[in-house]
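**Q** Quick one: the structure is below, questions incoming.
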Amino acid sequence: MSIKITDANSSYTGKLPKGCKLCIKGKKSVIFVTGVCNVNCYYCPVSNEKKDKDISYINERKIQSKEDILEEIKACGSKGISFTGGDPLLKINKCLDYAKLIKEAYNEHHIHLYTGSTDKKVNNLEKLEGYVDEVRFHVKNKEEIYGLKNILSMDFDFGIEIPAIPGDFERVCSIIESASTTGFSFINLNEFEYTETNWDNLSQRGFEFDSDTSMIKGSKDLALKLLEKYEDLPISIHFCPSVLKDAIQLRRRWERRAKNTKKYYETIEDCLIVKGELSGDVREIVNYLKDELNISKKMYEVQGDKVFTHWAVAEEISENKELSKKIKSAIVKEYPIYKRVVSEYIPL
Numbered sequence: 001m002s003i004k005i006t007d008a009n010s011s012y013t014g015k016l017p018k019g020c021k022l023c024i025k026g027k028k029s030v031i032f033v034t035g036v037c038n039v040n041c042y043y044c045p046v047s048n049e050k051k052d053k054d055i056s057y058i059n060e061r062k063i064q065s066k067e068d069i070l071e072e073i074k075a076c077g078s079k080g081i082s083f084t085g086g087d088p089l090l091k092i093n094k095c096l097d098y099a100k101l102i103k104e105a106y107n108e109h110h111i112h113l114y115t116g117s118t119d120k121k122v123n124n125l126e127k128l129e130g131y132v133d134e135v136r137f138h139v140k141n142k143e144e145i146y147g148l149k150n151i152l153s154m155d156f157d158f159g160i161e162i163p164a165i166p167g168d169f170e171r172v173c174s175i176i177e178s179a180s181t182t183g184f185s186f187i188n189l190n191e192f193e194y195t196e197t198n199w200d201n202l203s204q205r206g207f208e209f210d211s212d213t214s215m216i217k218g219s220k221d222l223a224l225k226l227l228e229k230y231e232d233l234p235i236s237i238h239f240c241p242s243v244l245k246d247a248i249q250l251r252r253r254w255e256r257r258a259k260n261t262k263k264y265y266e267t268i269e270d271c272l273i274v275k276g277e278l279s280g281d282v283r284e285i286v287n288y289l290k291d292e293l294n295i296s297k298k299m300y301e302v303q304g305d306k307v308f309t310h311w312a313v314a315e316e317i318s319e320n321k322e323l324s325k326k327i328k329s330a331i332v333k334e335y336p337i338y339k340r341v342v343s344e345y346i347p348l
């Protein structure tokens with residue numbers, strides 16, 4: 001099999017898993033099922049806000065009700081979901097509830113689940129048959145691969161997903177070879193990342209940090225070396241670089257969410273929501289917009305002591321010397337997530 005390159009600059013052999021295809025297109029929403037996990041990897045990147053806490057998020061939105069899940073999927077125009085954590089399998093009933101909800105509302109949506117459980121708890125996966133499509137195991141060695149042989153007859157596409165850790169060439173080789181002979185469908189090699197949470201542990205172990213990418217030096221080289229070594233194996237291997245997850249996938253999802261959720265008076269620039277902000281006497285501002293500029297109600301919105309409108313309207317008001325003495329104008333750019341976060345504020 002030859003090595004292929006996706007438009008997100010990831011590399012793979014064989015057939016790309018469906019979960020990866022949808023992720024690359026920005027068509028997957030991520031459900032963080034729980035922060036609880038029993039594996040305790042020294043390189044765990046989960047934030048302190050979520051780590052070891054039984055809380056759930058869909059993308060950047062905390063799940064308070066089932067409606068939150070369906071609303072976010074619709075807002076993002078997602079065609080699939082990934083269950084992650086922590087370890088979702090430790091809260092399998094929660095996974096089942098979420099999966100049933102999604103499949104009942106969107107029957108064709110693809111769901112994949114990522115787990116670090118390799119012991120007898122994996123037998124519980126039977127509960128998720130017919131709801132979850134793809135299961136990805138985080139394993140530490142080939143013994144764990146062999147221990148999973150008995151569940152491969154379940155109705156899932158089974159794969160392995162692990163970080164490409166520099167210095168672990170032989171260990172990862174043994175995992176790849178064992179997965180191939182055991183009957184797994186694919187292997188996903190993630191570029192090894194550092195975060196605020198795992199920085200100290202990785203530093204103590206002597207890893208080199210790439211300050212430009214938040215990745216560990218040597219991870220990409222290791223993954224590409226493994227793809228070249230095993231490109232003829234009858235198992236698909238996919239190298240997922242940091243730029244895919246942190247930029248391309250996220251950006252594409254945000255672009256879709258921005259288009260689906262922007263208000264009439266808002267515009268989109270570089271996947272950000274752009275609008276004008278007017279501060280002052282709200283009643284005076286609204287009267288001016290209606291009576292002097294003949295702006296329709298859908299072209300502005302009052303929120304507390306501010307009026308939001310098209311950025312060009314705010315710019316026009318700022319150029320009026322007399323008016324600008326009473327009305328403060330600005331252009332606001334926001335990330336198109338559930339709770340909008342300002343990325344840039346430009347006073348006019």
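In the UniProt record's numbering, the protein residues as written are 1 to 348. Beta carbons: idealized from backbone N, C-alpha and C, even for Gly.
#1: So Gln303 is in the alpha helix (DSSP H); what residue range does that whole segment cover?
#2: What does the alpha-carbon distance come out to for the pair Lys25 and Lys103?
#3: Quick check on the DSSP output: the alpha helix (DSSP H) that includes Glu316 runs from which residue to which?
#4: Around the Cβ of Leu89, are there at least 16 other Cβ atoms within 10 angstroms (buried) or fewer (exposed)?
#5: Return the chain-ordered ranges of every beta strand (DSSP E) run that is complete within the segment 121 to 187 and spans a minimum of 3 residues.
#6: Check each candidate in Arg171, Tyr338, Asn107 and Thr13 and name the one with the smallest Cα separation from residue 390.
#7: Contact between the segment 31 to 49 and the segment 277 to 296 is defined here as three or more beta-carbon pairs at a separation below 8 Å; is this criterion met?
#8: Could you tell me how far apart the beta carbons of Phe156 and Ser236 are, in whole angstroms, since I believe they sit closer than 8 Å?
#9: For the alpha helix (DSSP H) that contains Lys28, what are its first and last residues?
#10: What does DSSP give as the partner residues of Pro88 in its beta bridges?
#11: Mind the definition here: the segment 111 to 118 touches the segment 136 to 144 only if three or more C-beta pairs lie below 8 Å; say whether that holds.
#12: Span of the alpha helix (DSSP H) holding Cys240?
#13: Give, in chain order, every unbroken run of the beta strand (DSSP E) that is at least 3 residues long and sits entirely within the segment 261 to 301.
#14: Express the C-alpha separation of Lys321 and Tyr42 in angstroms, rounding to a whole number.
#15: Are three or more beta carbon pairs between the segment 7 to 16 and the segment 222 to 232 nearer than 8 Å?
#16: Classify Lys53 as helix, strand or coil using the three-state DSSP reduction.
#17: So who's on the other strand from His112, going by DSSP bridges?
#18: Which of the three DSSP states is assigned to Ala8 in this structure?
#19: Which residue or residues does DSSP assign as beta-bridge partners of Asp210?
#20: Rounded to whole angstroms, what is the Cα-Cα separation between residue 356 and Leu250?
#21: Quick check: what's the CA-CA separation for Glu160 versus Lys74?
#22: Given that a residue counts as buried once 16 or more other Cβ atoms are within 10 Å of its Cβ, and exposed if not, what is Ser153?
#23: How about Val302 and Val282: are their beta carbons less than 9 Å apart?
#24: Quick check: His109 and Gly130, are their CB atoms within less than 9 Å of each other?
#25: Report back the beta-carbon spacing between Ser219 and Tyr194 to the nearest angstrom; my notes put them in contact at under 8 Å.
#26: The alpha helix (DSSP H) that contains Ser324, what's its start and end?
**A** On the basis of the coordinates in this document:
#1: Where Gln303 is concerned, there is no enclosing alpha helix (DSSP H), although the beta strand (DSSP E) it sits in stretches over Tyr300 to Gln303.
#2: Lys25 and Lys103 have their C-alpha atoms roughly 20 Å apart.
#3: Glu316 -> alpha helix (DSSP H) spans Trp311 to Ser318.
#4: So Leu89 ends up on the buried side.
#5: The DSSP assignment places 134 to 137 and 157 to 164 as complete runs of the beta strand (DSSP E) inside the segment 121 to 187, in order along the chain (cut-off: 3 residues).
#6: Lying outside 1 to 348, the shown extent of the chain, residue 390 is not represented and no answer is given.
#7: At 8 Å Cβ cutoff, the stretches do not touch.
#8: Taking C-beta atoms under 8 Å as the contact rule, Phe156 and Ser236 fail to qualify, at a distance of about 15 Å.
#9: From DSSP, Lys28 is part of no alpha helix (DSSP H) but of the beta strand (DSSP E) over Lys28 to Thr34.
#10: Per DSSP, none; premise fails for Pro88.
#11: The segment 111 to 118 is in contact with the segment 136 to 144.
#12: First-last for Cys240: Ser236 to Cys240, but that is the beta strand (DSSP E), not the alpha helix (DSSP H).
#13: The qualifying runs are 267 to 269 and 272 to 279.
#14: Distance between Tyr42 and Lys321, taken at the CA atoms: about 60 Å.
#15: Judged by Cβ distances under 8 Å, the segment 7 to 16 makes contact with the segment 222 to 232, as three or more pairs qualify.
#16: Reduced to three states, the DSSP call for Lys53 is coil.
#17: BP columns for His112 point to Ser82 and Glu134.
#18: For Ala8, the secondary structure class from DSSP, reduced to helix, strand or coil, is coil.
#19: Under DSSP, the beta-bridge partners assigned to Asp210 are Met215.
#20: This structure cannot speak to residue 356, because the chain is shown only from 1 to 348.
#21: A quick correction: the sequence has Ile, not Glu, at residue 160. If you take the alpha carbons of Ile160 and Lys74, they lie about 29 Å apart.
#22: When all chains shown are included, Ser153 counts as exposed.
#23: Yes.
#24: No. Outside cutoff.
#25: Tyr194 and Ser219 do not touch by the CB rule: their CB atoms are close to 10 Å apart, not below 8 Å.
#26: Here Ser324 belongs to no alpha helix (DSSP H), and DSSP marks it neither H nor E.
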